[in-house]
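This report refers to the structure that appears directly beneath it.
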Amino acid sequence: MCRHLAYLGPPVTLRSLLYDPPHSLVRQSWAPRDMRGGGTVNVDGFGVGWYPGTGGDDGRGGAPVRYRRAGPIWSDPTLPELAAVTCSGAVLAAVRSGTVGMPVQESAAAPFAGGRWLFSHNGVVRGWPDSVVGPAGGLPVRDLLTLDAPTDSALLWALVRHRLRAGASPTEAVTATVREVAAAAPGSRLNLLLTDGVSVVASVWGHALWVRADDGTALLASEPVDDAPGWREVPDRRWVRAGPDGVQVGELD
Numbered sequence: 026m027c028r029h030l031a032y033l034g035p036p037v038t039l040r041s042l043l044y045d046p047p048h049s050l051v052r053q054s055w056a057p058r059d060m061r062g063g064g065t066v067n068v069d070g071f072g073v074g075w076y077p078g079t080g081g082d083d084g085r086g087g088a089p090v091r092y093r094r095a096g097p098i099w100s101d102p103t104l105p106e107l108a109a110v111t112c113s114g115a116v117l118a119a120v121r122s123g124t125v126g127m128p129v130q131e132s133a134a135a136p137f138a139g140g141r142w143l144f145s146h147n148g149v150v151r152g153w154p155d156s157v158v159g160p161a162g163g164l165p166v167r168d169l170l171t172l173d174a175p176t177d178s179a180l181l182w183a184l185v186r187h188r189l190r191a192g193a194s195p196t197e198a199v200t201a202t203v204r205e206v207a208a209a210a211p212g213s214r215l216n217l218l219l220t221d222g223v224s225v226v227a228s229v230w231g232h233a234l235w236v237r238a239d240d241g242t243a244l245l246a247s248e249p250v251d252d253a254p255g256w257r258e259v260p261d262r263r264w265v266r267a268g269p270d271g272v273q274v275g276e277l278d
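Just add 25 to wherever you are in the sequence shown, counting from 1, and you've got this note's numbering.
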């Protein structure tokens with residue numbers, strides 16, 4: 026399992042999301058509260074992606090920037106300085122707990138990226154890789170040969186990306202992928218995050234997701250990062266979309 030979060034709103038520093046909250050993503054890397062049996066710590070890599078702005082731009086949309094490493098987030102000497110001076114109005118970040126048998130390498134850490142998109146997966150595909158031979162068979166061979174890493178999360182990103190390229194909306198791409206993989210690999214945990222810097226789509230399938238939204242700001246996270254009022258847990262088997270028009274929640278099954 027992993028921990029991840031996505032932020033949309035007025036530009037803030039990466040530090041205010043990753044380090045400053047009392048139960049920040051950095052703290053969740055070594056003291057998570059709700060892993061639900063999916064490991065105890067998240068030390069097998071981390072990544073943060075953001076949409077840089079120029080001038081008066083709020084940093085939404087366009088092509089994102091990523092910073093990823095294979096080790097624990099707390100051990101990186103550069104990220105604290107980078108996070109203190111980098112601001113954005115759209116951020117996706119994750120700390121990884123690698124599934125046994127899957128590699129620990131930088132390219133296996135979320136967020137995955139393509140064009141204007143950033144993607145993360147919190148969970149596990151049961152029966153990997155045999156259980157998802159069917160869904161994988163629907164991908165172009167080139168996509169299979171160029172997976173970021175030989176992991177379930179990288180395959181999920183390829184499936185979502187393939188649907189986006191075919192014209193699916195972000196919500197359609199995420200929900201269709203979750204349903205297809207859940208049917209092929211029962212018992213999987215499929216909490217996905219997808220953003221283009223303007224909106225965020227998430228799925229809740231087998232793990233936790235919390236949302237706090239107010240005054241044009243939306244924060245989606247595996248666990249609340251603080252004790253501020255307004256956090257609400259999204260029920261299982263739901264999709265969530267957060268954007269300029271607010272937050273919507275719908276059923277996945």
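Glycine included, each C-beta is placed from N, C-alpha and C at the ideal position.
Next item on the list: Report the three-state DSSP secondary structure of residue 200 (helix, strand or coil).
Entry: In the sequence shown, counting from the first residue as 1, residue 200 sits at position 175. Of the three classes helix, strand and coil, the one that applies to residue 200 here is helix, per DSSP.
Margin query: Please report the straight-line C-alpha distance between residue 149 and residue 178, rounded to a whole angstrom.
Written below: Position 124 of the sequence shown, counting from 1, holds the residue named residue 149. Position 153 of the sequence shown, counting from 1, holds the residue named residue 178. Residue 149 and residue 178: Cα-Cα distance of roughly 8 Å.
Check: Per DSSP, residue 142 is paired with what?
Finding: Within the sequence shown, numbered from 1, the residue matching residue 142 stands at position 117. BP columns for residue 142 point to 139.
Next item on the list: Figure out for me which residue from 264, 153, 201, 160 has the closest Cα to the Cα of residue 234.
Entry: For the purposes of this step, residue 234 is taken as the residue at position 209 of the sequence shown. Out of 264, 153, 201, 160, 264 has the C-alpha closest to the C-alpha of residue 234.
Notebook entry, point to check: What is the DSSP secondary structure of residue 75, reduced to helix, strand or coil?
Noted result: Within the sequence shown, numbered from 1, the residue matching residue 75 stands at position 50. Note: residue 75 maps to strand in three-state DSSP.
Note to self: Can you list, in chain order, the residues of its chain with a C-beta nearer than 7 Å to that of residue 37? Leave out the 5 residues immediately preceding and following it.
What the structure shows: Looking up residue 37 in the sequence shown gives position 12. These residues qualify, in order along the chain: 112.
Check: Bridge partners of residue 38, per DSSP?
Finding: Here residue 38 refers to the residue found at position 13 when the sequence shown is read from its first residue. In the DSSP assignment, the residues bridged to residue 38 are 112.
Item checked: C-alpha gap between residue 214 and residue 208, whole angstroms -> As a first step, residue 214 is located in the sequence shown; it is residue number 189 there, counting from the start. As a first step, residue 208 is located in the sequence shown; it is residue number 183 there, counting from the start. Roughly 12 Å between the two C-alpha positions.
Checklist line | Burial state of residue 248 (16 or more Cβ within 10 Å) | finding: Here residue 248 is taken as the residue at index 223 of the sequence shown, counted from 1. Flag for residue 248 reads buried.
Next item on the list: Pick helix, strand or coil for residue 80, following the three-state DSSP scheme.
Entry: What you label residue 80 is simply residue 55 of the sequence shown in a count that begins at 1. In this predicted model, residue 80 has a pLDDT of only 39, less than 50, meaning its place in the structure is not dependable; the value taken from the coordinates is given anyway. In the structure shown, residue 80 sits in coil (DSSP, three-state: anything other than H, G, I, E or B).
Note to self: Taking the alpha-carbon of residue 88 as reference, which of 99, 232, 141 has the nearest alpha-carbon?
What the structure shows: The residue you call residue 88 lines up with position 63 of the sequence shown. For the residues 99, 232, 141, the minimum Cα distance to residue 88 belongs to 141.
Note to self: Taking the straight line between their C-alpha atoms, what separation do you get for residue 134 and residue 75?
What the structure shows: Residue numbering aside, residue 134 sits at position 109 when the sequence shown is read from its first letter. Residue numbering aside, residue 75 sits at position 50 when the sequence shown is read from its first letter. The alpha-carbon atoms of residue 134 and residue 75 are separated by roughly 15 Å.
Checklist line | Complete alpha helix (DSSP H) runs within the stretch 192 to 267 (minimum length 4 residues, chain order) | finding: As far as the stretch 192 to 267 is concerned, its whole alpha helix (DSSP H) runs of at least 4 residues are 195 to 209.
Checklist line | Proximity below 8 Å, CB of residue 68 to CB of residue 54 | finding: The sequence position of residue 68 within the sequence shown is 43, counting from 1. The sequence position of residue 54 within the sequence shown is 29, counting from 1. Taking 8 Å as the Cβ cut-off, residue 68 and residue 54 qualify as a contacting pair.
Check: Which value, in whole angstroms, describes the spacing of the CA atoms of residue 118 and residue 271?
Finding: Numbered from 1 along the sequence shown, position 93 holds the residue referred to as residue 118. Numbered from 1 along the sequence shown, position 246 holds the residue referred to as residue 271. Straight-line Cα distance between these residues: approximately 21 Å.
Notebook entry, point to check: Which residues bound the alpha helix (DSSP H) around residue 159?
Noted result: As a first step, residue 159 is located in the sequence shown; it is residue number 134 there, counting from the start. Note, residue 159: alpha helix (DSSP H), 158 to 162.
Checklist line | Nearest-angstrom Cα separation, counted from residue 227 out to residue 257 | finding: As a first step, residue 257 must be located in the sequence shown, where it is residue number 232. As a first step, residue 227 must be located in the sequence shown, where it is residue number 202. Approximately 14 Å between the Cα atoms of the pair.
Check: With a cut-off of 8 Å, do at least 3 Cβ pairs link the stretch 175 to 193 to the stretch 145 to 161?
Finding: yes
Next item on the list: From the DSSP output, in three-state form, read off residue 58 for me.
Entry: Translated into positions along the sequence shown, residue 58 becomes position 33. Coil at residue 58, not helix or strand.
Check: From residue 52 to residue 240, what does the alpha carbon distance come to, in whole angstroms?
Finding: Taking the sequence shown and counting its residues from 1, the one referred to as residue 52 is at position 27. Taking the sequence shown and counting its residues from 1, the one referred to as residue 240 is at position 215. So the alpha carbons of these two residues sit roughly 26 Å apart.
Note to self: Going by DSSP in three states, residue 18 sits in which element: helix, strand or coil?
What the structure shows: There is no way to answer for residue 18, as the model of the chain reaches only from 26 to 278.
Next item on the list: Less than 8 Å between the CB atoms is what I'm expecting for residue 78 and residue 34, so what's the real figure, rounded?
Entry: The residue you call residue 78 lines up with position 53 of the sequence shown. The residue you call residue 34 lines up with position 9 of the sequence shown. Residue 78 to residue 34, Cβ: 13 Å. No contact.
Check: Helix, strand or coil: how does DSSP classify residue 167 here?
Finding: To locate residue 167, count along the sequence shown from 1; it is residue 142. Helix, per DSSP.
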